[in-house]
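Visitor: Can you read through this structure? Questions will come right after.
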Amino acid sequence: MAMSPGGLRRLIPVLLIAASWLAGAALAASDDDPYTWMEDIKGERALAWARTQNERSLKVLEADPQFAQLHAYALAILNAKDRIPGVSFAGGDELRNFWQDALHVRGIWRRTTLESYRGEAPAWETLLDLDAFAKSEKANWVWSGVDCLPPEDRLCLVSLSDAGKDAVTVREFDTHAHAFVVGGFSLPEGKHRVAWLDADTILAATEWEPGQLTTAGYPYIVKSVRRGQNLSMAQELFRGDARDGGYGVDPLVLRDADGAVQAVLASRPLDTFTGEYYFIGGEKPVKLPLPLQSTVRTFVQGRLTFTLEQDWAAGGLKEGDLAAYDLATLEADPEHAAPQLVLRPGPRESIEEVSSTRTKLLVALYENVKGAIYVLEPDQGVWARTRLEQLPGNSSVGIVTASERSDRLIASVAGFLTPTTQWLADAASGSTERLKALAPRFDASNHLVEQFEATSKDGTKIPYFVVRPKGVDLVGAAPTLLYAYGGFQISVTPWYSSIIGKLWLERGGTFVVANIRGGGEFGPAWHNAGLK
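This is how it looks when you write it as structure tokens:
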């Protein structure tokens with residue numbers, strides 16, 4: 034992400050005041066909370082307070098003789114043009130990317146071929162220049178993502194945010210014409226959830242009438258909208274409840290490898306961690322026989338895969354399991370359909386990601402906070418799994434993108450001292466090749482990475498990584514940055530931080546990352562142990 038010269042300078046004090054903001058927000062439920070005025074994020078009193086704290090912090094930071102040089106280092110890293118693009122497969126072997134740098138502050142959406150991407154200087158074709166588009170509309174547009182119609186991925190629903198708000202406008206874009214479709218699908222600003230059904234129909238959850246939002250401010254009604262149809266004429270397919278929690282209902286379209294629709298679902302969250310799934314599009318919604326704490330992952334070879342965040346005696350499954358339903362059997366008789374166990378992680382393992390190619394199921398599996406990618410497929414009643422062996426070990430391993438038209442995938446591998454690399458793999462053959470490698474951003478030759486465990490009062494072993502100079506004496510005197518996060522089942526795995534490396538490690542500092550409970554490092558149980 035590009036940052037203006039003042040951007041990093043502004044970011045540092047914002048982080049410093051975040052703790053104070055959270056302390057005030059935590060008291061919001063109390064009638065005696067003196068900080069409720071901070072809930073109004075656009076209120077003049079709140080903004081004036083933030084400006085005052087920024088100015089106060091900046092005076093201290095900028096007075097440090099090291100500030101100017103450190104700021105210059107960080108800015109150069111953030112605006113570097115040799116960063117590895119985050120790409121996604123589209124329409125076959127085409128790769129798309131949204132890119133920001135000093136010349137494209139808002140960003141450009143672009144594409145290239147896989148063959149071109151293999152080279153050192155890919156030939157990118159711009160689809161949308163957001164800086165130019167925002168200027169033409171005299172609007173403060175911020176890119177908020179895109180959803181394209183398989184299998185061609187020509188027609189896309191582009192989400193644009195005004196100044197970075199959660200609410201977005203949605204407009205239809207034609208990648209062949211390099212332009213927004215005149216008279217195409219369009220949704221006014223709101224917290225939308227959208228999906229393509231076919232070239233002339235989209236599914237949307239939005240605020241169809243004023244006030245049709247949950248108490249948390251998210252949509253709970255899904256409707257289908259035909260091309261050229263006024264939104265007021267949209268057909269309702271599913272309705273949750275205004276009292277639902279979580280982040281709003283979401284339409285999900287299951288397709289086969291050639292893009293043909295096999296089923297349409299609605300995801301209905303009841304709160305942040307529980308929810309229900311329904312088949313929709315028929316005479317009435319039909320609830321799927323899944324426990325409240327479960328997550329639908331992907332659809333491959335006619336099977337709907339899901340993970341469990343709770344034990345499920347009725348399904349014969351345990352918390353943390355990856356399982357699958359045969360979709361045809363599930364649709365024919367939801368009440369009696371039996372799920373099949375796909376993968377059960379061990380006690381120090383967790384499923385970090387689930388994806389699929391044309392014929393294979395992909396799982397990024399972590400063992401003691403170090404990752405690998407496995408390819409799975411059904412074989413005579415059980416799911417056989419094969420590890421992509423040539424990917425580097427003792428690192429974070431993630432699935433960047435997987436092709437629905439072939440069995441290709443792109444993986445990302447990184448460590449605290451090892452620059453991020455991208456690998457192209459074939460899930461069918463198991464072959465891999467290195468595509469891209471980030472140039473080292475700091476001198477890591479004097480550091481090493483170690484993993485230890487701390488013992489909690491209840492006896493639980495809490496792992497943590499120590500990134501330190503090789504000669505440092507471990508007696509508590511080394512300048513150390515300690516980072517820990519435990520929430521929302523999000524795992525903190527090894528990553529290559531160019532800025533921490535350049536501004537801290539290279540100057541002799543030690544960096545510690547603790548994998549505390551509340552995250553997802555060892556599955557749902559690890560997350561649940563950190564609640565309340």
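Read left to right, the sequence shown gives residues 34 to 565 (the numbering used here). Idealized CB from N, CA, C, for every residue including glycine.
(1) Pick helix, strand or coil for L182, following the three-state DSSP scheme.
(2) Sort S327, G553 and Y280 by Cα distance to G250 and report the nearest one.
(3) Out of G292, L246, R116 and A547, which one is the CA nearest neighbour of L230?
(4) Beta-carbon separation of A275 and L360 under 8 Å?
(5) Per DSSP, Q268 is paired with what?
(6) Could you have a look at V214 and say whether DSSP puts it in helix, strand or coil?
(7) Helix, strand or coil: which one does DSSP assign to K535?
(8) In the DSSP assignment, find the beta strand (DSSP E) that holds L572 and state where it starts and stops.
(9) Within the region 318-402, note down every full beta strand (DSSP E) run reaching 3 residues or more, in order along the chain.
(10) So, for S149: in the same chain, excluding its five sequence neighbours on each side, which residues have a beta-carbon less than 7 Å away from its beta-carbon?
(11) Return helix, strand or coil for R474, following the three-state DSSP convention.
(12) Below 8 Å between beta carbons: does that hold for L193 and W174?
(13) Please state whether the Cβ-Cβ distance between L442 and T434 is less than 8 Å.
(14) Which partner residues of S121 appear in the DSSP bridge assignment?
(15) Just to confirm before moving on: does the CB-CB distance between L325 and L350 stay below 8 Å?
(16) Considering just the uninterrupted stretch of the beta strand (DSSP E) at S194, what are its terminal residues?
(17) When the Cα atoms are used, what is the spatial distance from A558 to V482?
(18) By the 10 Å Cβ neighbour count, where 16 or more other Cβ atoms means buried, how is S524 classified, buried or exposed?
(19) Can you list, in chain order, the residues of its chain with a C-beta nearer than 7 Å to that of A562? Leave out the 5 residues immediately preceding and following it.
(20) Give the secondary structure of D66 by DSSP, where H, G and I count as helix, E and B as strand, and everything else as coil.
(21) In three-state terms, what does DSSP make of V508?
(22) Please report the straight-line C-alpha distance between P527 and Q99, rounded to a whole angstrom.
(23) Any contact of the region 184-202 with the region 300-312, i.e. 3+ C-beta pairs under 8 Å?
(24) Since Y311 sits in a beta bridge, which residues does DSSP pair it with?
(25) Report all residues from its chain with a CB closer than 7 Å to the CB of V430; omit the five preceding and five following residues, and keep chain order.
(26) Of all the options V286, L323 and R204, which has the alpha carbon lying nearest to the alpha carbon of E368?
Guide: In short, the structure shows the following:
(1) Locating residue 182 in the sequence shown gives position 149, counting from the first residue. In the structure shown, L182 falls within a coil segment according to DSSP collapsed to helix, strand and coil.
(2) Locating residue 250 in the sequence shown gives position 217, where the first residue counts as 1. Comparing Cα positions, the closest option is Y280.
(3) By one-based count along the sequence shown, residue 230 stands at place 197. The option with the nearest alpha carbon to L230 is G292.
(4) Counting from one through the sequence shown, the residue named residue 275 turns up at place 242. Counting from one through the sequence shown, the residue named residue 360 turns up at place 327. Going by C-beta atoms, A275 is not nearer than 8 Å to L360.
(5) Position 235 of the sequence shown, counting from 1, holds the residue named residue 268. S257, per the DSSP bridge assignment.
(6) The count along the sequence shown starts at 1 and reaches residue 214 at position 181. Correct three-state label for V214: coil.
(7) Reading the sequence shown from its first residue, position 502 is the one you call residue 535. For K535, the secondary structure class from DSSP, reduced to helix, strand or coil, is helix.
(8) The question about residue 572 has no answer, for the chain in this structure spans 34 to 565.
(9) The region 318-402 contains these whole beta strand (DSSP E) runs: 327-333, 336-341, 355-359, 373-376, 382-389 and 394-400.
(10) Here residue 149 corresponds to residue number 116 of the sequence shown, with the count starting at 1. So the list reads P155 and A156, once near-sequence residues are dropped.
(11) Taking the first residue of the sequence shown as position 1, residue 474 is located at position 441. Reduced to three states, the DSSP call for R474 is coil.
(12) Your numbering for residue 193 matches position 160 in the sequence shown. Your numbering for residue 174 matches position 141 in the sequence shown. Yes. Within cutoff.
(13) Residue numbering aside, residue 442 sits at position 409 when the sequence shown is read from its first letter. Residue numbering aside, residue 434 sits at position 401 when the sequence shown is read from its first letter. Yes, the Cβ-Cβ distance between L442 and T434 is below 8 Å.
(14) Along the sequence shown, one-based indexing puts residue 121 at 88. According to DSSP, S121 bridges with R129.
(15) Translated into positions along the sequence shown, residue 325 becomes position 292. Translated into positions along the sequence shown, residue 350 becomes position 317. No.
(16) Counting from one through the sequence shown, the residue named residue 194 turns up at place 161. Note, S194: beta strand (DSSP E), L188 to D195.
(17) If you number the sequence shown from 1, residue 558 lands on position 525. If you number the sequence shown from 1, residue 482 lands on position 449. Their backbone Cα atoms lie some 27 Å apart in a straight line.
(18) Taking the sequence shown and counting its residues from 1, one reaches residue 524 at position 491. Classification of S524: buried, given that the 10 Å Cβ count is 16 or more.
(19) Within the sequence shown, the letter at position 529 stands for residue 562. Excluding positions up to five away in sequence, the list reads R550.
(20) Position 33 of the sequence shown, counted from the start, is the residue given in the question as residue 66. Coil, per DSSP.
(21) Position 475 of the sequence shown, counted from the first residue, corresponds to residue 508. Three-state DSSP puts V508 in coil, outside helix and strand.
(22) For the purposes of this step, residue 527 is taken as the residue at position 494 of the sequence shown. For the purposes of this step, residue 99 is taken as the residue at position 66 of the sequence shown. Going by the C-alpha atoms only, they are around 28 Å apart.
(23) Touching, no.
(24) For the purposes of this step, residue 311 is identified with residue 278 of the sequence shown, where counting begins at 1. DSSP, once it has assigned bridges, lists A299 and K320 as partnering Y311.
(25) For this step, residue 430 is matched to residue 397 along the sequence shown. Contacts found: A397, G404, A405, I406, L424, A444 and V446.
(26) Position 335 of the sequence shown, counted from the first residue, corresponds to residue 368. Closest in C-alpha terms to E368, from the list V286, L323 and R204, comes L323.
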